[in-house]
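A.B. asks: If you read the sequence shown in the numbering used here, its first letter stands for residue 15, the second for the next number, and so on.
Virtual Cβ for every residue (Gly too), placed ideally from N, Cα, C.
Here the structure is a predicted model, which means the values were calculated and not measured.
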Amino acid sequence: MSTLDIHINEGFVRMVDGSLVYHRGFGDRPTPVNDPRPALVMSPRVITAAGRVVASRTYPLGAPVPPAGRPRALGPDPVNRKEFLVRRGYWASFFPDQTLIAETGSTIQILLHNHLAQPHELRFHRAGTAGADVSSGPVAPGKTKLFQFSAPAPGTYLFTDPGNEPVERTLGLFGALVVIDPRNAWRLAPGAAEFERQWLWICHDVDSEWARIASRGQTVNPATTPAVPRYFTINGHSGFEALAVSTDKELNERREEDTLASGFPRETDVRNFSASPAPGAIRTGQLMRMVNAGIVVHSLHYHGNHVWTVRANGVDFPRSGGRVTGGDVVLQQWEDTVQLQPLERKEAMLPVRRPPEVVDAVWEARDEDWKYPMHCHAEPSQTAAGGLYPGGLVADWALAAETIPDPGTPPTAADPHELFRSQVDFASDQPHEGAPQTEHALPPDVAVEFDFFNRKMPFPDGSEHEVWSFESDKLGRQLPGPSLRLTEGQIFHGTVKPGKRVHTIHWHGLEPDPRNDGVGHTSFEVTGHYTYQWRPEVGVPGNPNRGAAGTYFYHCHVNTPLHVQMGMFGAVIVDPPPSIASPWPAGTRRHSVNGPLYDIATETLIGPYSLDPRWHELNHAAGLSGEDVGLNRFEPRHFFLLGGALASRPVGDDIVWSISSMRANVARGSKHPTLVRMVNIDYFPTLTRFTDAAGRPAPIAELIAHDGRPFWNTPNPNGPAVHPSAAGQALLTSLIKASAAEKYDFLLRPPAAGKYTISVDFLHWITGQRLATKTVTITAT
15 MSTLDIHINE
25 GFVRMVDGSL
35 VYHRGFGDRP
45 TPVNDPRPAL
55 VMSPRVITAA
65 GRVVASRTYP
75 LGAPVPPAGR
85 PRALGPDPVN
95 RKEFLVRRGY
105 WASFFPDQTL
115 IAETGSTIQI
125 LLHNHLAQPH
135 ELRFHRAGTA
145 GADVSSGPVA
155 PGKTKLFQFS
165 APAPGTYLFT
175 DPGNEPVERT
185 LGLFGALVVI
195 DPRNAWRLAP
205 GAAEFERQWL
215 WICHDVDSEW
225 ARIASRGQTV
235 NPATTPAVPR
245 YFTINGHSGF
255 EALAVSTDKE
265 LNERREEDTL
275 ASGFPRETDV
285 RNFSASPAPG
295 AIRTGQLMRM
305 VNAGIVVHSL
315 HYHGNHVWTV
325 RANGVDFPRS
335 GGRVTGGDVV
345 LQQWEDTVQL
355 QPLERKEAML
365 PVRRPPEVVD
375 AVWEARDEDW
385 KYPMHCHAEP
395 SQTAAGGLYP
405 GGLVADWALA
415 AETIPDPGTP
425 PTAADPHELF
435 RSQVDFASDQ
445 PHEGAPQTEH
455 ALPPDVAVEF
465 DFFNRKMPFP
475 DGSEHEVWSF
485 ESDKLGRQLP
495 GPSLRLTEGQ
505 IFHGTVKPGK
515 RVHTIHWHGL
525 EPDPRNDGVG
535 HTSFEVTGHY
545 TYQWRPEVGV
555 PGNPNRGAAG
565 TYFYHCHVNT
575 PLHVQMGMFG
585 AVIVDPPPSI
595 ASPWPAGTRR
605 HSVNGPLYDI
615 ATETLIGPYS
625 LDPRWHELNH
635 AAGLSGEDVG
645 LNRFEPRHFF
655 LLGGALASRP
665 VGDDIVWSIS
675 SMRANVARGS
685 KHPTLVRMVN
695 IDYFPTLTRF
705 TDAAGRPAPI
715 AELIAHDGRP
725 FWNTPNPNGP
735 AVHPSAAGQA
745 LLTSLIKASA
755 AEKYDFLLRP
765 PAAGKYTISV
775 DFLHWITGQR
785 LATKTVTITA
795 T
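1) Take His634 and list the residues in its own chain whose beta-carbon comes closer than 6 Å to its own, dropping the five residues that flank it on each side.
2) Asp465 to Asn198, Cα distance in whole Å?
3) Indicate whether the contact test is met: 3 or more Cβ pairs, each with one atom in the region 209–222 and one in the region 96–108, closer than 8 Å.
4) Would Asn732 be called buried (16 or more neighbouring beta carbons within 10 Å of its own) or exposed?
5) Less than 7 Å between C-beta atoms, sequence neighbours within five positions excluded: which residues of the same chain meet that for Thr170?
6) Using three-state DSSP, classify Ala786 as helix, strand or coil.
7) To the nearest angstrom, how far is the alpha carbon of Ala659 from that of Phe26?
8) To the nearest angstrom, how far is the alpha carbon of Gln123 from that of Val259?
9) In this structure, does DSSP put Arg183 in helix, strand or coil?
10) Report the CB separation of Leu656 from Gly621 in whole angstroms; it is logged as a contact under 8 Å.
11) Taking the C-alpha atoms as reference points, what is the distance between Ala615 and Ala661?
12) Between which two residues does the beta strand (DSSP E) carrying Met388 extend?
13) Let's test the definition: count the other Cβ atoms within 10 Å of the Cβ of Gly406 and tell me whether it reaches 16, buried, or not, exposed.
14) Considering only DSSP beta bridges, list what Ser486 is partnered with.
15) Spatial neighbours of Gly561 within its chain, please: C-beta separation below 8 Å, excluding the five flanking residues on both sides.
16) Could you give the distance in angstroms between the alpha-carbon of Ala428 and the alpha-carbon of Ala712?
17) For Gln232, which three-state DSSP category applies?
18) Note down, in chain order, each residue of its chain lying with its Cβ closer than 7 Å to the Cβ of Arg43, except the 5 sequence neighbours on either side.
19) Helix, strand or coil: which one does DSSP assign to Lys751?
20) Taking the beta strand (DSSP E) that Glu716 falls in, what are its first and last residues?
21) Quick one: what does DSSP say Ala661 is sitting in, helix, strand or coil?
22) Distance check for Val324 and Val736, CA to CA, integer angstroms please.
23) On the DSSP letters alone, give me the boundaries of the beta strand (DSSP E) that Trp215 sits inside.
24) In chain order, what residues of the same chain have a beta carbon less than 8 Å from the beta carbon of Thr602, not counting five sequence neighbours either side?
25) Mapping the DSSP letters down to three states, classify Pro738 as helix, strand or coil.
26) What distance in whole Å lies between the Cβ atoms of Arg333 and Gln347, which are believed to be in contact at a cut-off of 8 Å?
27) In whole angstroms, give me the CA-to-CA distance for Pro182 and Ser229.
28) For the pair the region 377–389 and the region 776–793, tell me if three or more CB-CB distances fall below 8 Å.
29) Thr426 to Asp381, Cα distance in whole Å?
30) Based on Cα-Cα distance, which residue from Gly564, Leu645 and Arg491 lies nearest to Tyr403?
31) In this structure, does DSSP put Trp348 in helix, strand or coil?
32) Helix, strand or coil for Ala585, going by three-state DSSP, please let me know.
33) Please tell me whether Tyr544 and Phe506 are closer than 9 Å, where the distance is taken between their beta carbons.
34) Identify the continuous beta strand (DSSP E) that holds Met302 and give its terminal residues.
35) Name the DSSP bridge partner or partners of Ala412?
36) What does Pro711 pair with, by DSSP beta-bridge criteria?
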């Protein structure tokens, strides 16, 4: 049996802005603190069932390596235009540094060397028998310790030094263990989701003040020096380095291989990933393994595609019989925003499908890769050293435009893109366009003009703050901006007129082509005006892969941490088309194509939002030129629940639309339930509690949708899916956990008339401390 030597070292690491920050880490060789290239991370190692330790960035060993990380397609899909068939069980996957890959049946034997002046430990979280931790125990300075354990069940695990929690892992002592069954190398586990290739994203946060204290040999006390991370990384890199647009060619190549997901568009079916459309092909996507080694609650938001989440913390989500545990829904589900608590691990399938809101003519004309961002929507994590947006925890994924069926043929060169010498160059040089044309413009069914305004506005708590937002002729100047409502299948035109500097509109959770997605570095920022065009996908009864009916929001994606906080956002609601064969009863509407009916008159929007007054004194481009304006420090002092009854929003200027009370129906006979659409506009996580008149938990919220997609029971790989309530398995709860930008739709199910309360706790993203609670009184009749 081979032994893996792991060395606990220290040294200084260059961050994305050029600063050197003290780190500790698990390395593959001993290095002193002053080494210019300290060994603070291990290159990937594969521990085989035969007892070997193999240095390899790819697995399975010997499988063909996808060029630049991108698997080539098997060939064009003969049925679906501009789409492809993907190979089954063929391509290897790249893994980032700090990763150990172990085959099932292997024994992991480690000799741990502690080269530092303090005792340290190596702990594999939940990797032991019955989910117990496996640990080396403390290793004294200058000492070594040999320990071993059997590889746990297939899955994704974290290893850290738990000393002075969470200080040592924040200083850099962390990594990931991926366990794979070699007999099922292209499955998450035997019988589980099958994938084309897999990607591992390790999220981390760097506190330079903690690092400064530790570099002096002192002990960090988190109680007296609260954590304030200044850098946020994915697979060890931030900003332009993570996005592979630096002038370091080797770094860019590695990021393309192990971080920036990429593939050819294909038809996928979440009911049966293993369905084979042709010999050697499979109808599946790519597996995303997401782990949070950091100390903040991250909120990973995918543009372009939702992901289908199948596992959390080693627990496989069921396809039916779902439940709500501690405010989390345990059921396979669509998400565009994946919550990751510290030390949490989740696996999801990225379908790599045609973005559903793309207009047909735009799709047919596509002749280049489409890039979409993935970024953390806890927006302070998008900064580096307090500014430099987009400079933090950010990645891209690419929808490839062309394929080469023959794996022996060299790949075509990618389109050249601009490279940057520094994060400042990248952040301050986003592409601008004055008044670009809408390509392949069609006559709109719904057209809305979004005009920028800024002014001081009075808030419900008596405070007054500068607000930037969008206005429309019908509504006036309000916070939030105008609510947008349209129907599946309609052509939508949204014209943004910045008026002041540059802005965009991103339609969060809706998925058009990059040009209409509203993100600067993948398209352009608007200085004059631009009309965004998209068409919400039409749902199909019983098909969990189709349909856009649900709740979303729009926001500016220029200097996003600041501009969203300033108020540049609003709600988006997509309805299913009315049924001609089975008309809805008067005063009701369906939530989705075969979703439940609800009462239109009491339909309510609730948007948790908190405000940091310091941010509202900053200028439009604060943080983009290298100055540290503190955008990593969000310290809210005012807390609100924006929204109200959607059918009776007030009209006029200087209105902060907020809610403290609402009506709800006790559904019986011809009376239908009340629908609440909740959008967490805040940057911190929230906990929503439902109580009765006596203050007792009341499970009156029936969760029906998340991130603009209904919850589905999908037990039949070939038959129609059904909503949980239709299967007699309603997701009733008294508690909902949401991270930044998550969206939940729920029906209120009070058992009797009377008073109930919705309480929204605003929680700190590091400490979990309750910062404030805002309530809505429900009068049920």
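C.D. replies: Looking at the coordinates:
1) Taking the sequence shown and counting its residues from 1, the one referred to as residue 634 is at position 620. Closer than 6 Å at Cβ, skipping near neighbours: Arg515.
2) Numbered from 1 along the sequence shown, position 451 holds the residue referred to as residue 465. Numbered from 1 along the sequence shown, position 184 holds the residue referred to as residue 198. In a straight line, the C-alpha of Asp465 is about 54 Å away from that of Asn198.
3) yes
4) One-based indexing of the sequence shown puts residue 732 at position 718. Per the 10 Å Cβ criterion, exposed.
5) Taking the sequence shown and counting its residues from 1, the one referred to as residue 170 is at position 156. Excluding sequence neighbours, Thr170 sits near Ala190, Val192, Arg303, Val305, Arg359 and Glu361.
6) Against the sequence shown, residue 786 aligns to sequence position 772. Ala786 falls in the strand class under three-state DSSP.
7) In the sequence shown, the residue the question calls residue 659 occupies position 645. In the sequence shown, the residue the question calls residue 26 occupies position 12. Each residue's alpha carbon lies about 54 Å from the other.
8) Locating residue 123 in the sequence shown gives position 109, counting from the first residue. Locating residue 259 in the sequence shown gives position 245, counting from the first residue. C-alpha separation (whole angstroms): 38 Å.
9) On the sequence shown, residue 183 is found 169 positions in, with the first residue counted as 1. Helix, per DSSP.
10) As a position in the sequence shown, residue 656 is number 642, starting the count at 1. As a position in the sequence shown, residue 621 is number 607, starting the count at 1. Yes, Leu656 and Gly621 are in contact; Cβ-Cβ is about 4 Å, under 8 Å.
11) Looking up residue 615 in the sequence shown gives position 601. Looking up residue 661 in the sequence shown gives position 647. Roughly 6 Å separates the two Cα atoms.
12) Indexing the sequence shown from 1 puts residue 388 at position 374. Here the beta strand (DSSP E) through Met388 covers Trp384 to Cys390.
13) In the sequence shown, counting from the first residue as 1, residue 406 sits at position 392. Classification for Gly406: buried.
14) Residue numbering aside, residue 486 sits at position 472 when the sequence shown is read from its first letter. Note: Ser486 sits in a beta bridge opposite Gly490.
15) For the purposes of this step, residue 561 is taken as the residue at position 547 of the sequence shown. Cβ within range, chain order: Glu502, Glu551, Val552, Gly553, Val554, Pro590, Ser606, Val607, Arg723 and Pro724.
16) For the purposes of this step, residue 428 is identified with residue 414 of the sequence shown, where counting begins at 1. For the purposes of this step, residue 712 is identified with residue 698 of the sequence shown, where counting begins at 1. Confidence at Ala428 is low in this model, with a pLDDT of 46, below 50, so the placement of that residue is unreliable and no value is reported for it.
17) Sequence index remark: in the sequence shown, residue 232 carries index 218 (1-based). Coil.
18) Position 29 of the sequence shown, counted from the start, is the residue given in the question as residue 43. Within the same chain, Arg43 has close Cβ partners His21 and Ala53.
19) Here residue 751 corresponds to residue number 737 of the sequence shown, with the count starting at 1. Of the three classes helix, strand and coil, the one that applies to Lys751 here is strand, per DSSP.
20) Your numbering for residue 716 matches position 702 in the sequence shown. Start and end: Ala715 to His720.
21) For this step, residue 661 is matched to residue 647 along the sequence shown. Here Ala661 sits in helix by DSSP.
22) The residue given as residue 736 occupies position 722 in the sequence shown. The residue given as residue 324 occupies position 310 in the sequence shown. Their Cα atoms are separated by approximately 18 Å.
23) Within the sequence shown, the letter at position 201 stands for residue 215. That run of the beta strand (DSSP E) goes Gln212 to Val220.
24) On the sequence shown, position 588 is the one that residue 602 refers to. Result list for Thr602: Leu611, Tyr612, Asp613, Ile614 and His686, in chain order.
25) Your numbering for residue 738 matches position 724 in the sequence shown. Three-state result, Pro738: helix.
26) Position 333 of the sequence shown, counted from the start, is the residue given in the question as residue 347. Position 319 of the sequence shown, counted from the start, is the residue given in the question as residue 333. That pair is no contact at about 10 Å.
27) Within the sequence shown, numbered from 1, the residue matching residue 182 stands at position 168. Within the sequence shown, numbered from 1, the residue matching residue 229 stands at position 215. Per the sequence shown, the amino acid found at residue 182 is Glu instead of Pro. Going from the Cα of Glu182 to the Cα of Ser229 covers about 12 Å.
28) no
29) Here residue 426 corresponds to residue number 412 of the sequence shown, with the count starting at 1. Here residue 381 corresponds to residue number 367 of the sequence shown, with the count starting at 1. Annotation note: pLDDT 46 at Thr426 (below 50); position unreliable, coordinate value reported separately. In a straight line, the C-alpha of Thr426 is about 13 Å away from that of Asp381.
30) The count along the sequence shown starts at 1 and reaches residue 403 at position 389. The candidate whose alpha carbon is nearest that of Tyr403 is Leu645.
31) In the sequence shown, counting from the first residue as 1, residue 348 sits at position 334. It is a strand residue.
32) Reading the sequence shown from its first residue, position 571 is the one you call residue 585. Note: Ala585 maps to strand in three-state DSSP.
33) Locating residue 544 in the sequence shown gives position 530, counting from the first residue. Locating residue 506 in the sequence shown gives position 492, counting from the first residue. No, the pair does not count as a contact, with Cβ atoms beyond the cut-off.
34) Here residue 302 corresponds to residue number 288 of the sequence shown, with the count starting at 1. Element bounds for Met302: Gln300 to Asn306.
35) Taking the sequence shown and counting its residues from 1, the one referred to as residue 412 is at position 398. Answer by DSSP bridge pairing, in chain order: Ser276 and Lys385.
36) Your numbering for residue 711 matches position 697 in the sequence shown. Thr705, per the DSSP bridge assignment.
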